[in-house]
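**Student:**
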Amino acid sequence: MPAWVKNHSRRPSMWVLKDQGQHFEHRADSDEAAGGLRVDAGEPCLDEQSFSNDGASVTLNFPSSHDGRGFSFARRVRRERGEGFRIIATGNLIPDQARMAFQCGFSEIHLSDALVERHGEGAWRQATTVAPDALYTKSGKSASIWDARHQHRVSIKSLTSSEAYDELLQSANAVLLDVRTSAEWQFVGRPSFERSVGIQWQTFPYGSQNPNFVAEVADASLTQETPIFLICRSGVRSLAAAEALKEAGYKDLTNVSEGFEGAKNAAGRRGMLNGWKAAQLPWNQD
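End of the sequence shown = 314 in my numbering, gap-free, step of one.
Below, the structure written as structure tokens:
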């Protein structure tokens, strides 16, 4: 069952985007959502729940910007509770998603100081003022926002598992950074490479993004000059983690595109079609 949590504690400083994106303000301390329900939007059984419960508000926490289930849940909350009910989005969102959040029924978006700093205050202030077509099409000689984000992603080098392993062996100081969860390391296995480090990008069991990821990478003695090869299950989380490191100033990043288990085969099984395991590269299991 999903974790419905009463929100009684005072929250740390944060930014609030509201009124369809027209107002963006910083609050040093806020308990405005006290008494409301706080729900992890990544919960697998949340679609079975009714949102007609008593309460002043509901806060949907997005575990990742790649998980859009919170938008569907917000639409249903709005239908069940009406226009006056307060629905708050929080967690790991990106500015591009602000317009959609308000269209889906969210009243406010609550952002941590770290998240606003990461994307820039200006990006959030302008998040809903950009014309929708500017997100996906070129305007004059300038690239669209979508083009800019795509170019940012493709600038990160990508290699198959076999190619990455060959380069790791040839390098004297390259590190393999496994960003999967602790449960995956234990139950699925890990690449066997002497210069490998495990730091979760998303934490087990709910898939919430690790807010200390970049700091933990630095604590592992990986400098901005260290060649880092990132691997996850199939290449999605590792790319997101590589983007975060790139924004933090890391220069030599490679995404292992097939990941440790790779894509599913026709029978729906991973680890047999492509990826580290399928390539029969060295790995071990706790």
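Virtual Cβ for every residue (Gly too), placed ideally from N, Cα, C.
1) How many Å lie between Ala-200 and Asn-238 at the Cα?
2) Measure the C-alpha to C-alpha separation of Asp-247 and Ala-294 and round it to an integer number of angstroms.
3) Go through its chain and collect everything with a Cβ distance to Ala-6's Cβ below 8 Å, but skip five positions before and after it.
4) How far does the alpha helix (DSSP H) with Trp-213 in it reach, from first residue to last?
5) Going by other Cβ atoms of all chains shown within 10 Å of its Cβ, with 16 needed for buried, is Arg-208 buried or exposed?
6) Among the residues of its own chain, which have a CB less than 6 Å from the CB of Ser-135, if the five just before and after it don't count?
7) Sort Gln-228, Ala-268, Arg-109, Ile-122 by Cα distance to Phe-90 and report the nearest one.
8) What does a CB cutoff of less than 7 Å around Gln-214 pick up in its chain, not counting 5 residues either side in sequence?
9) Considering Arg-66, what are the terminal residues of the beta strand (DSSP E) in which it resides?
10) CA-CA distance, Asp-68 and Gly-235?
11) Tell me the rounded alpha-carbon separation between Gly-263 and Ala-56.
12) Which class does Asp-141 belong to by DSSP, given the choice of helix, strand or coil?
13) Starting from Asp-280, trace the alpha helix (DSSP H) both ways and give me its first and last residue.
14) Using a 10 Å radius around the Cβ and a threshold of 16 neighbouring Cβ atoms, would you call Asp-194 buried or exposed?
**Tutor:** If we stick to the structure as given:
1) Spanning the two alpha carbons is a distance of roughly 29 Å.
2) The C-alpha of Ala-294 is placed about 41 Å away from the C-alpha of Asp-247.
3) The first residue shown for the chain is 29 and the last is 314, placing residue 6 beyond what the model contains.
4) Residues 210–215.
5) Of the other Cβ atoms in all chains shown, 16 or more fall within 10 Å of the Cβ of Arg-208; this residue is therefore buried.
6) Here the set comprises Arg-114, Ile-115.
7) Residue Ile-122 is the option with its Cα nearest to Phe-90.
8) So the qualifying residues of the chain are Asp-314.
9) 65–68 is the extent of the beta strand (DSSP E) around Arg-66.
10) Distance between the alpha carbons of Asp-68 and Gly-235: 10 Å.
11) Those two C-alpha atoms are separated by around 38 Å.
12) In the structure shown, Asp-141 sits in a helix (DSSP, three-state: H, G or I).
13) Looking at the DSSP string, Asp-280 is not in any alpha helix (DSSP H), and its letter there is neither H nor E.
14) So Asp-194 ends up on the exposed side.
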